[in-house]
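Protein chains in written order, with full-length UniProt numbering: chain A, 1 to 267; chain B, 1 to 267; chain C, 1 to 267; chain D, 1 to 267; chain E, 1 to 267; chain F, 1 to 267.
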């Protein structure tokens, strides 16, 4: 299963930069250099790509990678139709044919042969050869390749080989600064910024526990969930537990500690 | 093999809440937030979902996940029919097309690519892209996604990645409180509540052994089985052994200890 | 390969109970509770099921499970016939359609997705959904599900998950008591009971070595083999070695000890 | 790949018994009990079966088992012929239909589902159910099942489960006694018995090294090879090295020791 | 997925040799000896092959190898077309039929059966047998086989067997000397050589960390990326971080050290 | 991929024996005994077989075995042609039908079921049963089976089982003696024997390092490569490094030592 999203190019999704990522993106785009986005779950990488694509007026194709994603899922395959075999472009091939940004989310999850497909697109050849159809597609100047991954999950089996990594300009992402995050959560949840602030403070506290008691810090998405539940009438402690604690851990001890911690911060 | 159940929306299965789970469900439903149910075997998660679906008048599709369940089992596939290939929706696609609750039971058991299918349905896109048909289904406002799993089984190979977990509001489930459980067992088994009480007491004792001598505590279902056998005429010790001890362990020592324990409680 | 046996319902195979198993079976049948039979190789589980099925006048479908048995082997699949695809029921589906007992022998050997097929048949839904045909079969009141396994083989990879185990009323089986076993062996082998007795005594001694020197004790079947060879004219020591020692071990030391032991008992 | 041999029933291959194996075979045959032959490589198990089959006037089907042998290889499968699917019997099914001995050589090598096929043929049912054709073949009284394996290779992954082993009467095989082996080698190689004798003595010495320096002792076949090479004119030391030493080991030290040993014995 | 590039033979890609590699290539070509190129990521192996192919006027077929590349991907396979099966040459077969250089990049990544295909092409037979079509293609005198791999990745599972390695003349590659690298980066990035020099110095410093803090040194490609970003207006430290530090490591400590190091060198 | 070579029987490839291998081959051929060739990479096993085949006037079929080679690759399979299934002989079947030598190179690399195919061809049955076509091919008296392997690679997973090994007469191969090797290299490379001699001396020194610093010694093929490069004009040290050092090792330390060693020998 490959997931593809073609974002309509009319809307520019809101995005508030935290560093030089927009300038870097635009410079990379000027020189047609491929981009690697690194950062934790839910810190806004996908939103950033959508924002930049809209800003530059480029169509965007997003592919969420997973363990079973093969090169053929990206490039295309022959299917049987009416007793005959017909070639059907995959999302990467479509993006190369039509131009625009192709974004491979969590690329380390994909099968190893995917890297091979990306190599000729990421050096001076800028080309996608389709062995099975005999075509060699030259990427148009409007084509740009972006990949992302979460270094926090990186393990021995799932890494980008240096021969692949060294084909990308890379940007490190992190969570939004406090004020930005409060504004974003308030806007998305319709809850008062004043009521959002302690939730963001709690999230920032919980993120410090990453690698100690928690595998991963709280995403901004979960803070928005929490604020949404509160805005819809759920008591604060119940909303915090359901949206900011239970999704993080199954360990009774850790959970108890988080509940106590959240009680002290939200008091 | 995928198991799907479309519960007819006329009946509202009985369910007696033990905490704020009904309010939490309804608030999540108001904001269309996806829900994650955590809890041990046989504590009523499936019944709870059936109850809430009926109460909210929503059709319910249940998929029991297992080791071989792939994304295609959920979204659909092309099948050969009369020499031609025809697309057949999977249960998740049907639920997205027609609205209602789609409930993936024991979701950690499924193959890894399933998580990828769920991601676009669980963020602000609320969308199910079908690469193979070229469709992008927007989930109707009547669509809600619920997943469950049993943290007791959690191991290194079978966990939800944080990038998936952090897309759900989560509820922790546990067994019913004593009086509730007695009432439920009596009602389902047609055995007198007075005769059910010691069985529930025994079950509550046995649940304390979880992680010590037993892999999992006694489910309410087994207590109902036991009461049913007694109601049908089987002597109490034989019913207890057949329904509340033999299904829990194969270890002769543990079994002997459980028989002695049950004898002392049921005396 | 799936093995199915439809026992003709006219004959009632002989079976002499060793405990409350017949009453327990009948009570479970009255309440339509699914049954789990536990016990060592060759202690009569299969014969017991055949006996009870015939006694209750129920058709019996037996499926011997193995490492490669999948859910589809039980429920059915589409086969190509004359250029078209035709659905063919598996043995479980046939049993659900037509009623009667479906007995899955050594169920832990089967693939993991089999458990998922059994779940909806073993709770209050009593239903077999066939995703591929779009059918949902309600089990008729004449349907009963029985599974068996040998806890002696149980290992980390091959166990029933608690969520599956806790769906069954369970019966523990063991070998026949001495007098019963002598009668059964004499009857099946046509050898005098007086000559059978020392063979049964030897078998009972050998069973004590299980877990020490032997992986498994001698089955009643092997005692019958031994008695048959003697009845056909083979000298006792040769028959004992061929039917009760060589099938148990390949270790020269253990074999020598068993030969000596049998010599001392049969003297 | 399944290997089948239908031995023409006219010839009775020579076989000189070393113990009670012929009487035991005939007694098992009288009571239609299945037989398990255990013993090292090249000690004559296959020849013994061929001999007994011819002596009893029974057609013989031999299947050499290997890692990829499945139950379907034994029972049969549907093949596409002229656009239609046609059932083709496997060797076991043919043997059950037509009667005679079916001999599965090195049965532990086969896949696990093979055991399941054998179970109903090896208890009082004596039946081969063919799920895919819907047939249930009753084995004719002329049918007998024989399996063999080499306990020397036995490891944790490749064993017969007790539930399978305990369905067979078992015979342990070993190499021929000295005089018999000399006679057999002389007869097969056309070399003088006097010249064969030291070769057999060497073989008997080498067999004592099994488990110490050698994985397996020298088979009678290799002694015949050696004698054949000598009879054809090759010098004795060269023949011994090529047929009785190089096939046994690749270790330079062990080889040197064996050459020295053979020199001292053949001097 | 196999990636093939047929470089048009008109252009001669620029390449500045660092040793005797051009003479060695030409001598090997004169004697039609196969060539093995060893060296780190991005040191110019692929460019070297393209350069030599153009210089010798030979068509070039490049195949990037990966974990799933099989012998059939190289030689060809039968495909269904219009109901019939048609043989389609793979890239190696095409190269053998039409002559020229066939270059297998990162050959150790490919499946083991690939080596077998290469053997008859790399000894005095110079032949490609196609079992499935029954053809035996003699390589024309214009055919040359080149393979490459990166010894830095070499591990127990992924190596060339001696029986394969010993069929090639081998060349060890390393990064360009300082002045050459400055010239190449300046030319490709359009940045002043004076501004490129410190970047190359930094790269040379970072390469010394290989095996200590870094898995692999900085490729020339990344230095070109960095210079391109600077030329396009990005501040030097931001360009260095994005193109020469973030692509190398995800470790916060290592990154901080690299930033400090680059600050001290670029000051 | 299976590689087959049918050597035209007109040419007799040059081969200079190092021991009794030719006489042994001919004696084995007289008695139609199967042959096992053992020895290191590039010591001339394949050439020896080609030589003997031509000398005896026998057609030769060579199959290079690899990890994915199955029994069906050797015996044949049904292929779809024009909507019908047609049986196509594999190389072993062809050789059995038409007579001549069938040589399986590096047989331990092949899948386990290949051994089973070889068994009936290597005992007194000399027969190839084709289960799928129902044929039983008796090998003609002109048929001989030869297998080879390199004991240096032997590991726990890749060995010949004793039951297979003990079906072959075996010959151990080693490199040519000094004078022979000089003559062969001079003849194949067209370089003066005087200039070849130090290269062979170097090779003989390097072979002593096998198992210490090198996985495998230098093959005669590499010495020929080296002499060819020198004859074509490359300086001796460059040729030695490219053809006799770089193909042997990737370890910088080992390489430096080998360069020094070669310098001292070639001085």
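We put the CB at the ideal spot given by N, CA and C, even for glycine.
When C-alpha distances from residue 55 (chain A) are compared across A:37, A:74, A:25, the shortest belongs to A:25.
Assigned with DSSP and collapsed to three states, residue 168 (chain E) falls in coil, not helix or strand. Contact between residue 169 (chain C) and residue 28 (chain C) holds, with the beta-carbon distance rounding to 5 Å and staying under 8 Å. One Cα belongs to residue 57 (chain D), the other to residue 94 (chain F), and the distance between them is close to 34 Å. At a beta-carbon threshold of 7 Å, the residues of chain F lying near residue 238 (chain D) are 20, 24, ordered along the chain. Residue 245 (chain A): not part of any alpha helix (DSSP H); DSSP gives it neither H nor E. Collapsing the DSSP output to three states places residue 60 (chain F) in a strand.
For residue 202 (chain F), the secondary structure class from DSSP, reduced to helix, strand or coil, is helix. In the three-state scheme derived from DSSP, where H, G and I count as helix and E and B as strand, residue 252 (chain A) is classed as helix. Along the segment 210-228 of chain E, the positions whose C-beta sits under 7 Å from a C-beta of chain A are 215, 216, 219, 221, 222, 225, 228, read in chain order. By the Cβ rule, the segment 86-103 of chain B does not count as touching the segment 36-51 of chain A, because fewer than three pairs are nearer than 8 Å. Looking at the backbone, the Cα of residue 251 (chain B) and that of residue 245 (chain B) are separated by about 11 Å. Residues of the segment 157-181 of chain E with a Cβ closer than 8 Å to any Cβ of chain F, in chain order: 161, 162, 163, 165, 166, 167, 168, 169, 170, 171, 172. Residue 17 (chain C) and residue 184 (chain C) have their C-alpha atoms roughly 12 Å apart. Not a single CB atom of chain E sits nearer than 8 Å to the CB of residue 51 (chain F). Per DSSP, the beta bridge partners of residue 129 (chain A) are A:136. Using a 10 angstroms sphere on the CB of residue 86 (chain C), the tally of other CB atoms stays under 16, which defines it as exposed. Check the Cα spacing between residue 228 (chain C) and each of D:209, D:151, D:33: the tightest is with D:33.
Judged by their CB atoms, residue 117 (chain A) and residue 60 (chain A) are not nearer to each other than the 8 Å cut-off.
Taking a Cβ-Cβ cut-off of 8 Å, residue 110 (chain D) has no neighbours in chain F, whose nearest Cβ is about 10 Å from it. Taking 8 Å as the cut-off, the beta carbon of residue 126 (chain B) is found no closer than this to the beta carbon of residue 167 (chain C).
Between residue 254 (chain A) and residue 236 (chain A), the alpha-carbon positions lie close to 20 Å from each other. The shortest CA-to-CA distance from residue 141 (chain A) to any of A:30, A:71, A:186, A:14 is the one to A:30. In this structure, DSSP gives residue 36 (chain C) an extended state, which the three-state scheme calls strand. In the structure shown, residue 148 (chain B) falls within a strand segment according to DSSP collapsed to helix, strand and coil. Only residues of its own chain outside the window of five on either side were considered, and among them 38, 39 have a CB closer than 8 Å to the CB of residue 172 (chain A), listed in chain order.
Scanning its chain for C-beta atoms nearer than 7 Å, with the 5 sequence neighbours on each side dropped, one finds around residue 225 (chain F) the residues 243, in chain order. Less than 8 Å divides the Cβ of residue 105 (chain A) from the Cβ of residue 65 (chain A). The three-state secondary structure of residue 76 (chain F), taken from DSSP, is strand. Under a criterion of Cβ atoms nearer than 7 Å, the residues of chain E adjacent to residue 233 (chain F) are, in order, 27. Under the Cβ distance rule, residue 57 (chain B) does not count among the residues neighbouring chain C, no pair being separated by less than 8 Å. Residue 76 (chain E) has a beta carbon lying at 8 Å or more from every beta carbon in chain A. Taking C-beta atoms as the reference points, residue 265 (chain B) and residue 174 (chain B) fail to come closer than 8 Å. Assignment of residue 88 (chain F) by DSSP, reduced to helix, strand and coil, places it in the strand class.
The beta carbon of residue 198 (chain E) sits closer than 8 Å to the beta carbons of 265, 266 from its chain, once the five residues preceding and following it are set aside; these are given in chain order.
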